[in-house]
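Asker:
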Amino acid sequence: MNARVVVFDIGGVLIDWNPAYLYRKLLPDEASVEQFLSEICTPAWNEQFDAGMPFADGIAALAKSHPERADLIEAYWHRWHEMLGGEVPGTSRILERLKSAGVQMHAISNWSAETFPRARELFPFLDAFDILVVSGRERLVKPDSAIFELFLQRAGVAAGDCIFIDDNLANIAAAASLGFKTEHFDTADALERRLTAMGLLPENERTNGSEWTSMSLQSVEPSLRRR
Numbered sequence: 059m060n061a062r063v064v065v066f067d068i069g070g071v072l073i074d075w076n077p078a079y080l081y082r083k084l085l086p087d088e089a090s091v092e093q094f095l096s097e098i099c100t101p102a103w104n105e106q107f108d109a110g111m112p113f114a115d116g117i118a119a120l121a122k123s124h125p126e127r128a129d130l131i132e133a134y135w136h137r138w139h140e141m142l143g144g145e146v147p148g149t150s151r152i153l154e155r156l157k158s159a160g161v162q163m164h165a166i167s168n169w170s171a172e173t174f175p176r177a178r179e180l181f182p183f184l185d186a187f188d189i190l191v192v193s194g195r196e197r198l199v200k201p202d203s204a205i206f207e208l209f210l211q212r213a214g215v216a217a218g219d220c221i222f223i224d225d226n227l228a229n230i231a232a233a234a235s236l237g238f239k240t241e242h243f244d245t246a247d248a249l250e251r252r253l254t255a256m257g258l259l260p261e262n263e264r265t266n267g268s269e270w271t272s273m274s275l276q277s278v279e280p281s282l283r284r285r
């Protein structure tokens, strides 16, 4: 049976997010950026925010452990928007085409409950989803099967009716084990071909541009800068 529901990841599929974009401005060279992000503000530390930890708590604890790096650690919150590289090319246009075709669209994202509202201000296409499960709100994170099961309950759909799109192979494996059809995201072109082959997108159209307009990340509103 073909999928009739499309479920997106957000970071790495729709939005380009990378802490290195910020720390390349704050540290002298790539080696120091890599060291800082692998030893201090690590992926595991960031995942705590995705799981619901308040930024104030996580930053205070880490700054106490590394007082000589406190300013850099605090920038993780105060300058969070500078970690955003913009839209992943082509994918918001795919969202627009799916919406025009009447396809159900949902999202399951590992994202902090505190920073997600800021992302919504910058990326209007995030309002396109019918059901949007944000890990920081639920205190459940991918690849835990519980977050997928929560989504299925809320959306009222079966896993076999859905194609789940993510750039993380562990998340893809978790979804597949529950019966989701899956697409390991690489490029918008490859995704477009898969969705067209599944009959979810009409043929003979290309993702030239999106009507959704994201705020320029080079001129973010001052109100976003120190939330």
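With this note's numbering as the guide, the letters of the sequence shown map in order to residues 59 to 285. Here a beta-carbon is modelled for each residue, glycine too, at the ideal position from N, C-alpha and C. Treat the numbers as computed from the prediction; the structure is a model and nothing was measured.
For S167, which residues does DSSP report across the bridge?
Answerer: Here residue 167 is taken as the residue at index 109 of the sequence shown, counted from 1. The partner list for S167 (beta bridge, DSSP) reads V192.
Asker: Since I believe N168 is in contact with S193 (beta carbons under 8 angstroms), could you give me their beta-carbon distance rounded to a whole number of angstroms?
Answerer: Here residue 193 refers to the residue found at position 135 of the sequence shown. Here residue 168 refers to the residue found at position 110 of the sequence shown. At roughly 5 angstroms, the Cβ-Cβ gap stays under 8 angstroms, so S193 and N168 are in contact.
Asker: Considering only their Cβ atoms, is the gap separating A165 from F181 smaller than 8 angstroms?
Answerer: Residue mapping note: residue 181 aligns to position 123 of the sequence shown, counting from 1. Residue mapping note: residue 165 aligns to position 107 of the sequence shown, counting from 1. No, Cβ-Cβ distance for F181 and A165 is not below 8 angstroms.
Asker: Helix or strand or just coil, what does DSSP make of E261?
Answerer: As a working note, residue 261 is residue 203 in the sequence shown. Reduced to three states, the DSSP call for E261 is coil.
Asker: Would you be able to state if there are at least three C-beta pairs under 8 angstroms between the region 121 to 135 and the region 152 to 160?
Answerer: Output reads no: the region 121 to 135 does not touch the region 152 to 160.
Asker: The ligand GTP heavy atoms versus the CB of D244: any closer than 7 angstroms?
Answerer: Because no ligand of any kind appears in the structure shown, any question about the ligand GTP cannot be addressed here.
Asker: Jot down the residue ranges of each uninterrupted beta strand (DSSP E) in the region 103 to 191, minimum 3 residues, whole runs only, in chain order.
Answerer: Segments of the beta strand (DSSP E) lying fully in the region 103 to 191: 142 to 145 and 162 to 167.
Asker: Exposed or buried, what is T245 when buried is set at 16 or more other beta-carbons lying within 10 Å of its beta-carbon?
Answerer: For this step, residue 245 is matched to residue 187 along the sequence shown. Exposed is the call here.
Asker: Can at least three beta-carbon pairs, one atom from the region 203 to 222 and one from the region 133 to 147, be found at a separation below 8 angstroms?
Answerer: Not touching, per the Cβ criterion.
Asker: For L198 and D67, what's the separation of their Cα atoms in angstroms?
Answerer: For the purposes of this step, residue 198 is taken as the residue at position 140 of the sequence shown. For the purposes of this step, residue 67 is taken as the residue at position 9 of the sequence shown. Those two C-alpha atoms are separated by around 14 angstroms.
Asker: Among residues of its own chain, excluding the 5 on either side of R252, which ones have a beta-carbon nearer than 6 angstroms to its beta-carbon?
Answerer: As a working mapping, residue 252 is identified with position 194 in the sequence shown. Taken in chain order, the residues that qualify are E241.
Asker: Just to confirm, is the Cβ distance from A255 to F238 under 8 angstroms?
Answerer: Position 197 of the sequence shown, counted from the first residue, corresponds to residue 255. Position 180 of the sequence shown, counted from the first residue, corresponds to residue 238. Against a cut-off of 8 angstroms, the Cβ pair of F238 and A255 comes out as no contact.
Asker: Tell me whether the beta-carbon of V64 lies closer than 8 angstroms to the beta-carbon of L258.
Answerer: In the sequence shown, the residue the question calls residue 64 occupies position 6. In the sequence shown, the residue the question calls residue 258 occupies position 200. Yes. Within cutoff.
Asker: Going by the beta-carbon positions, is the gap between A228 and I189 smaller than 8 angstroms?
Answerer: As a working note, residue 228 is residue 170 in the sequence shown. As a working note, residue 189 is residue 131 in the sequence shown. Cβ atoms of A228 and I189: not closer than 8 angstroms.
Asker: Return helix, strand or coil for G69, following the three-state DSSP convention.
Answerer: Within the sequence shown, residue 69 is the residue found at index 11, counting from 1. Correct three-state label for G69: strand.
Asker: Pull up the distance between the alpha-carbon of I131 and that of C99, whole angstroms please.
Answerer: For the purposes of this step, residue 131 is taken as the residue at position 73 of the sequence shown. For the purposes of this step, residue 99 is taken as the residue at position 41 of the sequence shown. One C-alpha to the other measures close to 7 angstroms.
Asker: DSSP beta-bridge partners for F222?
Answerer: On the sequence shown, residue 222 is found 164 positions in, with the first residue counted as 1. DSSP, once it has assigned bridges, lists V65 and T240 as partnering F222.
Asker: List the whole-angstrom C-beta distance separating L80 from R137, where the pair is believed to meet the contact cut-off of C-beta under 8 angstroms.
Answerer: Counting from one through the sequence shown, the residue named residue 80 turns up at place 22. Counting from one through the sequence shown, the residue named residue 137 turns up at place 79. At roughly 6 angstroms, the Cβ-Cβ gap stays under 8 angstroms, so L80 and R137 are in contact.
Asker: Can you tell me whether D247 is helix, strand or coil according to DSSP?
Answerer: Looking up residue 247 in the sequence shown gives position 189. D247: helix per DSSP, three-state reduction.
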